[in-house]
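In order, the protein sequence lines correspond to chains A and B.
Position one of the first sequence corresponds to residue 133 (this note's numbering), numbered consecutively onward.
Position one of the second sequence corresponds to residue 869 (this note's numbering), numbered consecutively onward.
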Amino acid sequence: MFARTIEKPLRIEGDRRSWAWTGRRIGSREWLLAASLLILLFILLTALFPEWLATHPPAEMSMEILQPPGAAHLLGTDQFGRDIYSLLVYGSRQSLLIGVGSVLIGGLIGTLIGLIAGYLGGWTDSLLMRAVDVMMTIPGILFAILIAASLGPSLPNMMLAIGLSTFPGYARLVRGQVLSIRSSLFIDAARTIGAGHAAIIRRHIIPNCLPQLTVMATIGVGTAVLISTALSFLGLGVVREIPDWGYLLSLGRSYISIAWWISLFPGLWITLLVVAINWLGDELRNRLEPGWSGR
Amino acid sequence: MHPLLKLDRLSIDFRTKDGPLRVVDDVSLEIRAGEIVCLVGESGSGKTVTSLSIMRLTDYERAVISEGELLFDGRNLAHVSRKEIEALRGKRIGMIFQQPMNALDPLFSIGSQIIDAIMAHRRTSRSEARRIALDLLTKVGITEPELRLKQYPFELSGGMLQRVMIAIALSCEPDLLIADEPTTALDVTIQMQILQLIRELSRQLGMSVLLITHDFGVAVQLADRIAVMYAGKIVEQGETRKLLTQPEHPYTQGLIRSVESYQRQGGELYTIRGTIPPLSALPGGCRFHPRCEYASDRCRAEEPPVVHAGGAGREHQVACWHAAIAAEAFALYRRARQAEEAAASEDSSPQAQPKVKARHQPARSQQAPLIELRQLSKSFPLRGRLFTRQKRAVQAVDGVTLQIHERETLGLVGESGCGKTTLGRLIMQLEEPTGGEIVFEARSLRSLSASESRDIRRKMQVVFQDPAGSMNPRWRVEEIVAEPLLVHTSLREQDRERLVSETLQMVGLNPDIRTRYPIQLSGGQLQRVSIARAIILRPRFILLDEAVSALDISVQSHIVNLLKSLQRQLGLTYLFIAHGLDVVRYISDRIGVMYLGQLVELAPADELFRRPAHPYTRALLDASPSLDPDRRQPHEAREIELPSPINPPSGCRYHTRCPLASERCRREQPQLRQIGEDRYVACHDPLGAEQLKSRGMAAEGAG
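Following this line, the structure appears as structure tokens:
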């Protein structure tokens, strides 16, 4: 217990909530944020209203096969004469669904395990975290392949596969957060007030974990899309009338020397989405964490 | 002869997103060779920035010296190249900081850090540097210097680390030592030793010292001259004694009166009204005018220049339009106070006993105590070293027995590590005792049902030292204050809101702040919010764990007054844990003194201060920095450390530091025993025993 003066030489007046003030220092940050939001908005729109944004019906085949990008076909056509741009637009919904769904599954499982381990501590903690450690030694994609192969390809299975392969990350993150929050003075204060465990977890611990979780989940969506693409590329994806992005990539592989656009544009499209999500995640981190950290 | 350091109309700006913000404004200050000058000011006064600017450390903090000169030994440092300034750092100007534990690198041994510092500036061999290091450690009063060289920062106590920092700062025999709150993080007994050491070294080496502090007492104990800063300006400076006895600026006077009013019992504390304005919204004219008793239209319109006061005193400078009137008013106050003191000392003579006792509640003994601790103990197991099965434990609280009566304030003092905070946590049931029991409202807290436990939680509340840490940073003030209501009541939302607003008003806050977040409030406001949260359920007992220790004096007085008036209004019982003795004396009815987990003395507050019975209590009282420059005592400047609670000394735990220790003290542990009415001490040979005994008998005879 040390006496210290609370030094506050610079009191910035006005609203100091994290959203309002942290980002103002550097302009380029905001450009990046605007760009990534724009990209994400566009992809979200393609997922919600593909029929508005596509130029051709996705499954429509035509005689114009392997056309390079041009006025008729924005990003060219594939070997069946389908419009690549429209295929990408129609593929968004499934990719985003898998991304968000798997993050929800992985995040929920991970958060629950992290909360229990961090809050209870002791044996429970050791046991749970060692199990999580074992999970972490298995490469995520390998695990997803295993599940996808054994459960068969379907949308929910895909989400489950990716979710199960990513939950250890969330568990570790949440446990670390809980450990540090649990030892803060305001938890002691809540105890002396008489708040029970459930109230402390619900009202103090979870809200203080949320910013970090939000950041991780955001970036997690990008990772999940990548994994799902990879699974599709390997032929373990959901087979539908409309090929998804990963499947498109693999289709283009055979024609790469004569029709580079079939693989390039889906690749770029995925990259753009993942990069935009990561930018957003970084920006969220910058905005949500510095103002509150150090407690 | 020109002064060693001269700040000439120095101004410093911080670069912020809304343009430059002036944090130090037009400051002029001189330090002559061998002189000790103290810069006193509250948080946000710009004192630390001023001190950092001398070595241009402000360059790393988004700050620029915008105007004025900074002359060191005749050279203007304000605009010299970085290379030139780096050549001065450490070599001609040394610096020590508030937190010695943060200023040393935990990865390197003490020795290598001192030796590196020496070799950075002097051309010596490593073995020669080592010899110098040993020399320096001896000079700063560290015992067993050979051993310390091999140790790492975490193995040393705060006091020792500060000595090491001083040794490093001295390694190149600087002409100027800048000490920024060097003792704020240390216990009073250690603080005195360090201040003494700084003064001695300054005399021995002819070294000038610039000491930055918020504590007027520390400044008085050390300084030849004192400069008082307020909101970025020096408002008054002068020779210590003159400044103390005849201050002319109303702010200086306010600070002195605030500190002095703690010594007067009863009545409200003197406070300076209002709070320090943020630097971004300074009032026009004289910056102090909104808080000043003498403020006139001129003060509101025009900024007062710094003038030499009283014509003759060239040393004394003040920036106030009404210095003359203020000085006269202060002289009157002084005279009144002296008369009061004279009357008080007559009162405390043995004949006038009843008057002193009038402060305690009558017939307390018939009442059951609100809280009773019976042989309460708590030990924390230490993790054994690898491969050893030997179990060790720290005995944080060791067999403490005491009672807290209804509506009383019991103060608890002791150095850090004495177990006073653990004791508080035990009472609040944040820790499980390892022995003994706690009785609240005649019910033991050992065996409670869930509903009884909830009921007791409702009646016991706590206010922590660090109000910001004790609040969820993501909650608004209204949510924070209403949390106990949510847990314990099922009020409707409007009722909750109404109660929150009422409670905020009770603690002197404008209910408008209920939508703010903790980060947006000042230290004083935060502490008021945590008091509001503590009283909203109308508890019977509140634990105040260093609740005012982190606050500036002008804020602290307001909070202490608030606590006292709330106690009267709501009939509260307080356990007040603190290390600032003046505050404890002022607020407490009785005071307990703890040492290494044990209660060594328990007595009514005035009694304890007038006639301490335990040598440790006496040592604590002596070490407390007083505002009387004549009370500068020739203290032991050598290190006397608190023994480790893992391995407490045999017999009386204090015998290692006690000047009066006898053979018996080393063998036999004294028990807490009664030595007079309401007085208990754990010492074989208490101070002033004869006197107490005779009076105790007289009291018995009278009763």
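Here a beta-carbon is modelled for each residue, glycine too, at the ideal position from N, C-alpha and C.
*Among B:Lys-1288, B:Pro-1145 and B:Ser-1398, which has the Cα closest to the Cα of B:Pro-1335?*
Locating residue 1335 of chain B in the second sequence gives position 467, where the first residue counts as 1. Cα-wise, what sits closest to B:Pro-1335 is B:Ser-1398.
_In the DSSP output, which residue or residues are listed as bridge partners for A:His-205?_
In the first sequence, counting from the first residue as 1, residue 205 of chain A sits at position 73. According to DSSP, which records beta bridges pairwise, A:His-205 is partnered with nothing at all.
*Do B:Val-908 and B:Val-1077 have their CB atoms nearer than 8 Å?*
Start at 1 with the first residue of the second sequence, and residue 908 of chain B comes out as number 40. Start at 1 with the first residue of the second sequence, and residue 1077 of chain B comes out as number 209. It is not a contact, given that the beta carbons lie outside the stated cut-off.
*Do you know whose CA, among B:Glu-1274, B:Ala-1310, B:Ser-1284 and B:Val-1451, lies nearest B:Arg-1408's CA?*
Position 540 of the second sequence holds residue 1408 of chain B. Among B:Glu-1274, B:Ala-1310, B:Ser-1284 and B:Val-1451, the Cα nearest to that of B:Arg-1408 is on B:Glu-1274.
*asked:* Please return the same chain residues whose Cβ sits closer than 7 Å to the Cβ of B:Ile-1387, not counting the five positions on each side in sequence.
replied: Sequence index remark: in the second sequence, residue 1387 of chain B carries index 519 (1-based). Hits under 7 Å: Pro-1341.
*Out of curiosity, what's the CA-to-CA distance linking B:Ala-1264 and B:Met-1296?*
Looking up residue 1264 of chain B in the second sequence gives position 396. Looking up residue 1296 of chain B in the second sequence gives position 428. Going by the C-alpha atoms only, they are around 16 Å apart.
*asked:* Buried or exposed, going by whether 16 or more other CB atoms sit within 10 Å of the CB of B:His-1378?
replied: Numbered from its first residue, the second sequence carries residue 1378 of chain B at position 510. In the sequence as displayed, the identity of residue 1378 of chain B is Asn instead of His. When all chains shown are included, B:Asn-1378 counts as exposed.
_Distance between beta carbons of B:Leu-1495 and B:Leu-1024, contact taken as under 8 Å_ = Locating residue 1024 of chain B in the second sequence gives position 156, where the first residue counts as 1. Locating residue 1495 of chain B in the second sequence gives position 627, where the first residue counts as 1. That belief does not hold up - the Cβ atoms of B:Leu-1024 and B:Leu-1495 are roughly 32 Å apart, past 8 Å.
*Please list the partners that A:Leu-317 has in chain B, where partner means a Cβ-to-Cβ separation under 8 Å.*
Locating residue 317 of chain A in the first sequence gives position 185, counting from the first residue. Within chain B, the residues near A:Leu-317 are Phe-1332, Asp-1334, Gly-1337 and Ser-1338.
_Neighbour flag for B:Leu-1002 against chain A, beta carbons, 8 Å_ = Along the second sequence, read from residue 1 onward, the residue named residue 1002 of chain B stands at position 134. For B:Leu-1002, the answer is no, since every Cβ of chain A falls outside 8 Å of its Cβ.
_Taking only three categories from DSSP, how would you classify B:Ile-1514?_
Here residue 1514 of chain B corresponds to residue number 646 of the second sequence, with the count starting at 1. Of the three classes helix, strand and coil, the one that applies to B:Ile-1514 here is coil, per DSSP.
*Under a three-way DSSP split, which group does B:Arg-1342 fall into?*
Translated into positions along the second sequence, residue 1342 of chain B becomes position 474. DSSP, reduced to helix, strand and coil, places B:Arg-1342 outside both helices and strands of the structure shown, so it counts as coil.
*Less than 8 Å separating the beta-carbons of B:Ser-896 and B:Arg-924?*
Within the second sequence, the letter at position 28 stands for residue 896 of chain B. Within the second sequence, the letter at position 56 stands for residue 924 of chain B. No, these two residues do not count as a Cβ contact at 8 Å.
*B:Val-1127 by DSSP, collapsed to three states: which one?*
As a working mapping, residue 1127 of chain B is identified with position 259 in the second sequence. Helix, per DSSP.
*Can you give me the Cβ contacts of B:Ser-934 inside the same chain, cut-off strictly under 6 Å, excluding the 5 residues immediately before and after it?*
Numbered from 1 along the second sequence, position 66 holds the residue referred to as residue 934 of chain B. Ser-879 and Asp-881.
_Straight-line gap, B:Val-1008 to B:Pro-1472 (C-alpha atoms, nearest Å)_ = Within the second sequence, residue 1008 of chain B is the residue found at index 140, counting from 1. Within the second sequence, residue 1472 of chain B is the residue found at index 604, counting from 1. Their Cα atoms are separated by approximately 38 Å.
*Excluding the five sequence neighbours on either side, which residues of its own chain have a C-beta within less than 6 Å of the C-beta of B:Ala-1187, listed in chain order?*
For the purposes of this step, residue 1187 of chain B is taken as the residue at position 319 of the second sequence. Same-chain partners within the cutoff: Val-1103, Pro-1172 and Val-1174.
_Rounded to whole angstroms, what is the Cα-Cα separation between B:Gly-1304 and B:Pro-1145?_
Stepping through the second sequence from its first residue, residue 1304 of chain B is reached at position 436. Stepping through the second sequence from its first residue, residue 1145 of chain B is reached at position 277. Rounded to the nearest angstrom, the two C-alpha atoms are 49 Å apart.
*Answer with yes or no whether the minimum CB distance from A:Thr-324 to chain B is below 8 Å.*
On the first sequence, position 192 is the one that residue 324 of chain A refers to. Yes, contact with chain B.
_Within 10 Å of its beta-carbon, does A:Arg-419 have 16 or more other beta-carbons around it, so buried, or fewer, so exposed?_
Position 287 of the first sequence, counted from the first residue, corresponds to residue 419 of chain A. By the 10 Å Cβ count, A:Arg-419 comes out buried.
*asked:* Let me make sure I understand the geometry here. Which of B:Leu-1250, B:Gly-1267, B:Ala-1212 and B:Gln-1271 has the alpha-carbon closest to that of B:Gly-1238?
replied: Taking the second sequence and counting its residues from 1, one reaches residue 1238 of chain B at position 370. Reading off the sequence shown, one finds Leu at residue 1238 of chain B, where the question assumed Gly. Answer by Cα proximity: B:Gln-1271.
*Boundaries of the beta strand (DSSP E) in which B:Pro-1249 is found, first to last residue*: Residue 1249 of chain B sits at position 381 when you count from the first residue of the second sequence. From DSSP, the beta strand (DSSP E) with B:Pro-1249 extends over 1239 to 1250.
*Give, in chain order, every unbroken run of the alpha helix (DSSP H) that is at least 4 residues long and sits entirely within the region 1345 to 1430 of chain B.*
1345 to 1356, 1361 to 1374 and 1391 to 1403
*Run down chain A in chain order and give the residues with a C-beta less than 9 Å from the C-beta of B:Gln-1271.*
Numbered from its first residue, the second sequence carries residue 1271 of chain B at position 403. Under the 9 Å cutoff, chain A gives no residues; its nearest Cβ is about 21 Å from B:Gln-1271.
*asked:* Buried or exposed for B:Lys-885, going by 16 or more other Cβ atoms inside 10 Å?
replied: The sequence position of residue 885 of chain B within the second sequence is 17, counting from 1. Classification for B:Lys-885: exposed.
*Shorter than 8 Å from the beta carbon of A:Ala-362 to some beta carbon of chain B?*
Looking up residue 362 of chain A in the first sequence gives position 230. By this cut-off, A:Ala-362 is not an interface position.
*C-beta contact flag for B:Thr-1052 and B:Gln-966 at 8 Å*: Taking the second sequence and counting its residues from 1, the one referred to as residue 1052 of chain B is at position 184. Taking the second sequence and counting its residues from 1, the one referred to as residue 966 of chain B is at position 98. The answer is yes: Cβ separation under 8 Å.
*In chain order, what residues of the same chain have a beta carbon less than 7 Å from the beta carbon of B:Ala-1195, not counting five sequence neighbours either side?*
As a working note, residue 1195 of chain B is residue 327 in the second sequence. The answer, listed in chain order, is Gln-1114 and Glu-1116.
*asked:* Could you tell me the alpha carbon to alpha carbon distance between A:Ser-160 and A:Trp-411, rounded to whole angstroms?
replied: Walking along the first sequence from the start, residue 160 of chain A turns up at place 28. Walking along the first sequence from the start, residue 411 of chain A turns up at place 279. So the two alpha carbons sit approximately 12 Å from each other.
_Reference B:Leu-1280; option with closest CA among B:Arg-1326, B:His-1184 and B:Leu-1449_ = Along the second sequence, one-based indexing puts residue 1280 of chain B at 412. It is B:Leu-1449 whose Cα lies nearest to the Cα of B:Leu-1280.
*Since B:Phe-1156 is in the alpha helix (DSSP H), which residue starts that stretch and which ends it?*
Locating residue 1156 of chain B in the second sequence gives position 288, counting from the first residue. For B:Phe-1156, no alpha helix (DSSP H) run applies, since DSSP gives it neither H nor E.
_By the three-class DSSP mapping on this structure, what secondary structure does B:Pro-1554 have?_
The count along the second sequence starts at 1 and reaches residue 1554 of chain B at position 686. Note: B:Pro-1554 maps to coil in three-state DSSP.
*Pull up the distance between the alpha-carbon of B:Gly-1439 and that of B:Ser-1530, whole angstroms please.*
Here residue 1439 of chain B refers to the residue found at position 571 when the second sequence is read from its first residue. Here residue 1530 of chain B refers to the residue found at position 662 when the second sequence is read from its first residue. Their Cα atoms are separated by approximately 45 Å.
*Under a CB-based cut-off of 8 Å, is A:Asp-257 close to chain B?*
Sequence index remark: in the first sequence, residue 257 of chain A carries index 125 (1-based). By this cut-off, A:Asp-257 is not an interface position.
*asked:* Could you check whether the region 1064 to 1084 of chain B touches the region 1012 to 1024 of chain B, counting it as contact only if at least three pairs of C-beta atoms, one from each stretch, sit closer than 8 Å?
replied: no
*For the region 207 to 220 of chain A and the region 263 to 280 of chain A, state whether three or more C-beta atom pairs, one from each stretch, are separated by less than 8 Å.*
Judged by Cβ distances under 8 Å, the region 207 to 220 of chain A makes no contact with the region 263 to 280 of chain A, as fewer than three pairs qualify.
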